[in-house]
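Asks:
Residue numbers (my numbering), protein chains in the order written: chain A, 278 to 614; chain B, 51 to 382; chain C, 130 to 437.
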């Protein structure tokens with residue numbers, strides 16, 4: 278009996294010889310929701326496109342991706358095709374261009390029903406209507422015959438979700454599903470994802486640069502930087518007491534909607550070019566806590582005694598977590614500003 | 051200082067902009083009011099934030115304030131004087147005093163020119179700085195927006211998104227404008243870079259006393275940068291107040307829903323107002339209050355009569371029958 | 130639908146009218162048929178009589194009006210050389226031309242499109258590079274060079290195929306090949322780039338992500354999208370079915386429309402030239418119309434736009 282639904286081990290990706298993903302290890306248990314957070318180019322989307330073999334041909338992928346213990350990386354095409362949509366479904370950032378413009382939305386859903394559940398004709402149509410209803414498309418009976426351009430962005434994302442549900446997957450990977458949508462529609466889609474997970478029990482990977490959105494949907498999150506996971510833990514632990522300076526920097530950089538209007542605290546500099554990664558810790562040139570060893574030695578991702586994973590020589594925040602802190606111990610460490 | 055007696059830097063009076071839109075293959079062209087009677091004032095050195103979703107007309111309004119999109123009705127006044135017609139010499143002269151910053155810096159920049167050349171362009175066009183001094187001025191501008199001197203010879207594609215937006219802002223600042231209209235200037239940037247650019251804009255504005263119209267869908271950024279905020283829905287302003295109060299105690303149900311839809315980091319979804327339905331098509335504007343089909347408070351009057359933007363408190367206006375009625379009963 | 134169709138039809142008629150008007154004026158300004166037909170040494174009386182007989186002594190605009198009036202009554206004029214109905218002469222030649230152009234079009238479509246699509250799906254492979262190279266070779270060499278080259282190889286050096294005439298089916302092989310090679314190259318290149326563009330679209334990733342078989346992704350999701358640009362080119366090729374063989378028919382002495390056109394132009398046989406140009410314009414316009422209708426069928430987004 279394999280405990281985890283999906284296990285990534287040492288997943289690496291290179292585009293034309295330039296390494297962009299440097300070995301991702303990640304376990305997804307049945308039914309859990311994990312957020313992948315980071316800025317553009319950190320590898321959060323590439324991780325899952327690579328796992329499902331959806332990257333273009335110029336990408337070289339290595340490592341291991343196991344679904345229920347079965348390896349799917351570097352396997353014959355039919356193995357992957359059996360996993361995609363059936364075990365792991367994926368939805369994308371730009372819903373309007375992610376639907377085929379020349380095919381009716383009904384057909385795009387029934388196609389998936391035919392592949393994964395052997396439904397055809399009226400049975401498939403009835404199920405497609407049920408799915409559209411479930412994701413909140415009003416007047417589904419009429420709209421099933423329409424084309425994607427006749428739907429708004431938010432509704433296209435609902436159609437995408439209906440299509441993803443068609444295979445009754447164990448894991449839904451949502452790649453920035455709300456980024457292209459308006460604020461009130463974003464809230465609707467987040468709400469829908471939460472409700473669907475509660476209803477179907479499928480696990481969710483929520484990829485987003487929006488820490489707010491991630492904390493709505495997930496229990497656990499991985500913060501990624503330059504193709505590596507730098508910190509991983511429960512949402513509560515990450516938000517209350519971020520240990521990696523990058524995690525902390527991300528939180529500080531977000532303007533707040535409450536409290537006093539203060540000057541923002543940006544992270545200086547820019548994300549490094551993957552062709553030209555700095556020595557040692559990739560974040561060290563932008564890090565206010567960097568010491569000499571950060572510039573020479575890559576910190577390994579290790580588990581800490583408060584149950585998180587961290588890759589930093591000189592973490593910020595308190596250790597052990599607030600509340601358990603022994604006053605004498607806390608003093609020698611970085612103070613909370 | 052009493053703001054009421056000063057001339058606003060820019061003032062909009064009943065601005066209306068209508069587009070003809072044809073629906074379907076055989077449909078008739080129907081007029082769509084993208085901007086539907088907007089009044090607003092921006093004082094020198096002040097920042098007005100404009101928030102709204104797609105189709106709210108906020109970008110059109112931004113272009114109208116600069117005279118790029120001429121209004122069909124109403125007028126825009128710059129320093130109390132009517133905006134000259136688009137592309138006339140007077141308008142061009144005025145353009146030096148008001149600049150535009152778009153969301154996509156790569157589209158705003160010419161990919162065949164170095165950024166120093168582009169930053170210097172307005173200096174030459176408006177003949178603001180004699181040629182020998184231009185290089186110094188460009189260097190000043192670059193350092194003001196946080197670009198390094200060695201980046202002067204770079205082409206747009208050699209810079210990151212944040213650096214490009216800095217270059218666009220430097221170019222906008224070259225003519226020492228009094229007004230900057232920014233349409234989603236940081237929306238395409240990563241959080242950490244977004245904070246850099248927002249801080250920079252705030253600093254530049256304070257230092258040079260520039261007024262700013264900051265258009266964005268991101269409430270958090272708008273709250274941080276704007277003194278006052280106007281919320282738009284389907285071409286109209288539905289609520290306006292100082293940024294401190296409008297997000298703390300929103301009055302209009304739409305503003306409430308907008309504020310509530312912003313996910314707060316570290317907090318689970320609880321007690322949020324999630325609006326049903328989508329923003330209606332501007333071509334198919336609901337009767338009465340345009341927001342009534344999505345509004346949890348809608349009453350009969352909302353379906354029939356258009357609420358006016360009325361003062362509900364000092365420096366605070368709202369266009370909602372329910373809000374103005376409640377305020378009236380409090381006053382009584 | 131009616132409004133859409135009638136606008137298109139009106140536009141088509143105006144196009145045809147413009148073509149025949151242009152042809153009429155240019156032909157009459159470019160030389161005197163009487164001089165060409167009768168030769169240089171005939172007496173002036175004969176020339177005058179010829180002009181009077183064919184109405185060439187009338188002012189240009191009267192000639193034009195009577196020409197247009199005649200067209201509307203179905204009278205396309207009489208050949209000055211053969212004294213036969215011009216339209217009759219032209220129609221007799223159509224089958225010969227179609228014997229070349231239809232097989233050539235068939236070859237272009239069945240070789241060009243699959244080659245391009247295959248190359249797009251196997252980018253950077255040896256076959257892809259081969260297709261690109263062959264395509265460039267195909268459409269950069271003009272057909273008169275290609276025709277002579279093929280004659281040199283297959284008729285003169287190898288002695289396998291006849292180099293001219295229309296006696297047996299073997300006579301058709303070289304002209305058909307000459308005509309199709311360029312088109313195959315063009316179609317291969319267009320299909321390749323259309324397919325590469327489509328394969329990079331997010332909806333193709335979506336189709337793969339939902340577990341569709343690779344072949345189904347290509348056939349059911351990619352090809353229908355790539356069809357729009359490809360249909361444009363094929364439509365253009367259909368439009369040249371009648372007039373596309375001028376050079377090749379001349380090289381291989383093939384008695385089709387092209388040859389008739391060349392002969393009639395050099396003889397200033399006005400009615401025949403005008404007839405051919407009318408026919409050419411009409412096929413172009415009709416094929417354009419069909420392509421437009423196909424667009425709406427292939428891409429629902431264009432269905433909504435085409436009324437604008």
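A virtual CB, placed ideally from N, CA and C, is assigned to each residue, including glycine. Only a predicted model underlies this, so the values are computations on that prediction, with no experimental measurement involved.
(1) Whose Cβ in chain A lies nearer than 8 Å to the Cβ of residue 294/B?
(2) Between which two residues does the alpha helix (DSSP H) harbouring residue 125/B extend?
(3) Does residue 149/B come out as helix, strand or coil in the three-state DSSP assignment?
(4) From the DSSP output, read off the bridge partner residues of residue 502/A.
(5) For the beta strand (DSSP E) that contains residue 185/B, what are its first and last residues?
(6) Rounded to whole angstroms, what's the CA-CA distance from residue 171/B to residue 221/B? Just pull it up for me.
(7) From residue 423/C to residue 184/B, what distance separates their C-alpha atoms?
(8) Could you tell me which residues DSSP puts in a beta bridge with residue 99/B?
(9) Which residue spans inside the stretch 227 to 272 of chain B form an unbroken alpha helix (DSSP H) run of at least 4?
(10) Which partner residues of residue 285/C appear in the DSSP bridge assignment?
(11) Terminal residues of the continuous alpha helix (DSSP H) containing residue 330/C?
(12) Using a Cβ-Cβ cutoff of less than 6 Å, which residues in the same chain neighbour residue 249/C once the five nearest sequence positions on both sides are dropped?
(13) Check whether the Cβ of residue 493/A lies closer than 8 Å to any Cβ atom in chain B.
(14) What residues from the stretch 461 to 477 of chain A come within 9 Å of chain B, judged by C-beta to C-beta, listed N to C?
(15) Whole angstroms are fine: how far does the CA of residue 429/C sit from the CA of residue 378/A?
(16) Does the beta-carbon distance from residue 488/A to residue 527/A come in below 8 Å?
(17) My assumption, with CB atoms under 8 Å, is that residue 370/C sits in contact with residue 234/C. Please give the rounded CB distance.
(18) Is residue 70/B helix, strand or coil by DSSP?
(19) Residue 369/B and residue 287/B: beta carbons closer than 8 Å?
(20) Counting contacts by CB-CB distance shorter than 8 Å, is residue 270/B in contact with chain A?
(21) Starting from the C-beta of residue 325/A, find all residues in its chain whose C-beta is less than 6 Å away, skip the five residues before and the five after it, and write them out in chain order.
(22) Output, in sequence order along the chain, the residues in the stretch 421 to 432 of chain C whose CB is closer than 7 Å to any CB in chain A.
(23) In whole angstroms, what separates the C-alpha of residue 75/B from that of residue 94/B?
(24) Going by DSSP, what residue range makes up the alpha helix (DSSP H) through residue 459/A?
(25) Could you give the first and the last residue of the continuous alpha helix (DSSP H) run that contains residue 431/A?
(26) Give me the Cα-Cα distance between residue 209/C and residue 404/C, rounded to the nearest whole angstrom.
(27) Mind the definition here: the stretch 204 to 223 of chain B touches the stretch 248 to 267 of chain B only if three or more C-beta pairs lie below 8 Å; say whether that holds.
(28) What's the C-alpha gap between residue 243/C and residue 294/A?
(29) Along the stretch 448 to 460 of chain A, where does the CB come closer than 7 Å to a CB of chain B? Name the residues.
(30) Considering residue 287/A, what are the terminal residues of the beta strand (DSSP E) in which it resides?
(31) Roughly how many whole angstroms lie between the Cα atoms of residue 367/C and residue 134/C?
(32) Give the secondary structure of residue 205/C by DSSP, where H, G and I count as helix, E and B as strand, and everything else as coil.
(33) Helix, strand or coil for residue 592/A per DSSP?
(34) From the beta carbon of residue 348/C, is the nearest beta carbon of chain A less than 8 Å away?
(35) CB-CB under 6 Å to residue 560/A, same chain, minus the five flanking residues each way: which ones, in chain order?
(36) Nearest to residue 412/C by alpha carbon, out of 145/C, 137/C, 139/C?
Replies: With the structure as the only source:
(1) By 1-based counting over the second chain, the position of residue 294/B is 244. The answer, in chain order, is 538.
(2) Translated into positions along the second chain, residue 125/B becomes position 75. It is not in any alpha helix (DSSP H) - residue 125/B instead sits in the beta strand (DSSP E) that spans 123 to 128.
(3) Along the second chain, one-based indexing puts residue 149/B at 99. In the structure shown, residue 149/B sits in a strand (DSSP, three-state: E or B).
(4) Your numbering for residue 502/A matches position 225 in the first chain. Paired residues: 505/A.
(5) Taking the first residue of the second chain as 1, we reach residue 185/B at position 135. No beta strand (DSSP E) contains residue 185/B, which is instead part of the alpha helix (DSSP H) from 181 to 194.
(6) In the second chain, residue 171/B corresponds to position 121, counting from 1. In the second chain, residue 221/B corresponds to position 171, counting from 1. The straight-line gap from Cα to Cα measures roughly 8 Å.
(7) In the third chain, counting from the first residue as 1, residue 423/C sits at position 294. In the second chain, counting from the first residue as 1, residue 184/B sits at position 134. Rounded to whole angstroms, residue 423/C to residue 184/B spans 57 Å at the Cα level.
(8) On the second chain, position 49 is the one that residue 99/B refers to. The partner list for residue 99/B (beta bridge, DSSP) reads 264/B, 279/B.
(9) 241 to 258
(10) For the purposes of this step, residue 285/C is taken as residue 156 along the third chain, with counting starting at 1. Beta-bridge pairing links residue 285/C to no other residue.
(11) Counting from one through the third chain, the residue named residue 330/C turns up at place 201. Careful: residue 330/C lies outside any alpha helix (DSSP H) and carries neither H nor E.
(12) Here the question's residue 249/C lines up with position 120 in the third chain. The residues are 321, 324, 325.
(13) Reading the first chain from its first residue, position 216 is the one you call residue 493/A. It does; some Cβ of chain B falls within 8 Å.
(14) 461, 462, 463, 464, 465, 467, 468, 471
(15) Start at 1 with the first residue of the first chain, and residue 378/A comes out as number 101. Start at 1 with the first residue of the third chain, and residue 429/C comes out as number 300. For residue 378/A and residue 429/C, the distance between alpha carbons rounds to 8 Å.
(16) For the purposes of this step, residue 488/A is identified with residue 211 of the first chain, where counting begins at 1. For the purposes of this step, residue 527/A is identified with residue 250 of the first chain, where counting begins at 1. Yes. Within cutoff.
(17) Here residue 370/C refers to the residue found at position 241 when the third chain is read from its first residue. Here residue 234/C refers to the residue found at position 105 when the third chain is read from its first residue. Yes, residue 370/C and residue 234/C are in contact; Cβ-Cβ is about 7 Å, under 8 Å.
(18) Taking the second chain and counting its residues from 1, the one referred to as residue 70/B is at position 20. Three-state result, residue 70/B: strand.
(19) Position 319 of the second chain, counted from the first residue, corresponds to residue 369/B. Position 237 of the second chain, counted from the first residue, corresponds to residue 287/B. Cβ distance < 8 Å, so residue 369/B and residue 287/B count as in contact.
(20) Counting from one through the second chain, the residue named residue 270/B turns up at place 220. Answer yes: the Cβ-Cβ gap between residue 270/B and chain A drops below 8 Å somewhere.
(21) Position 48 of the first chain, counting from 1, holds the residue named residue 325/A. 450, listed in sequence order.
(22) 427, 428, 429, 430
(23) As a position in the second chain, residue 75/B is number 25, starting the count at 1. As a position in the second chain, residue 94/B is number 44, starting the count at 1. Per-residue confidence for residue 75/B stands at a pLDDT of 48, beneath the threshold of 50, marking its modelled position as unreliable; no derived number is given.
(24) Taking the first residue of the first chain as position 1, residue 459/A is located at position 182. Neither: residue 459/A is in no alpha helix (DSSP H) and is coded neither H nor E.
(25) To locate residue 431/A, count along the first chain from 1; it is residue 154. Taken as a continuous stretch (DSSP letters only), the alpha helix (DSSP H) holding residue 431/A covers 430 to 442.
(26) Position 80 of the third chain holds residue 209/C. Position 275 of the third chain holds residue 404/C. If I take the Cα positions, the gap works out to 13 Å.
(27) yes
(28) Here residue 243/C is taken as the residue at index 114 of the third chain, counted from 1. Here residue 294/A is taken as the residue at index 17 of the first chain, counted from 1. Cα-Cα distance, rounded: 31 Å.
(29) 459, 460
(30) Numbered from 1 along the first chain, position 10 holds the residue referred to as residue 287/A. Residue 287/A -> beta strand (DSSP E) spans 281 to 292.
(31) Indexing the third chain from 1 puts residue 367/C at position 238. Indexing the third chain from 1 puts residue 134/C at position 5. Their Cα atoms are separated by approximately 21 Å.
(32) Within the third chain, residue 205/C is the residue found at index 76, counting from 1. Coil at residue 205/C, not helix or strand.
(33) Indexing the first chain from 1 puts residue 592/A at position 315. Here residue 592/A sits in coil by DSSP.
(34) Along the third chain, read from residue 1 onward, the residue named residue 348/C stands at position 219. Cβ-Cβ to chain A under 8 Å: no for residue 348/C.
(35) Numbered from its first residue, the first chain carries residue 560/A at position 283. Counting only Cβ-Cβ distances below 6 Å, and skipping sequence neighbours, we find 502, 523.
(36) Position 283 of the third chain, counted from the start, is the residue given in the question as residue 412/C. Here the closest residue by C-alpha is 145/C.
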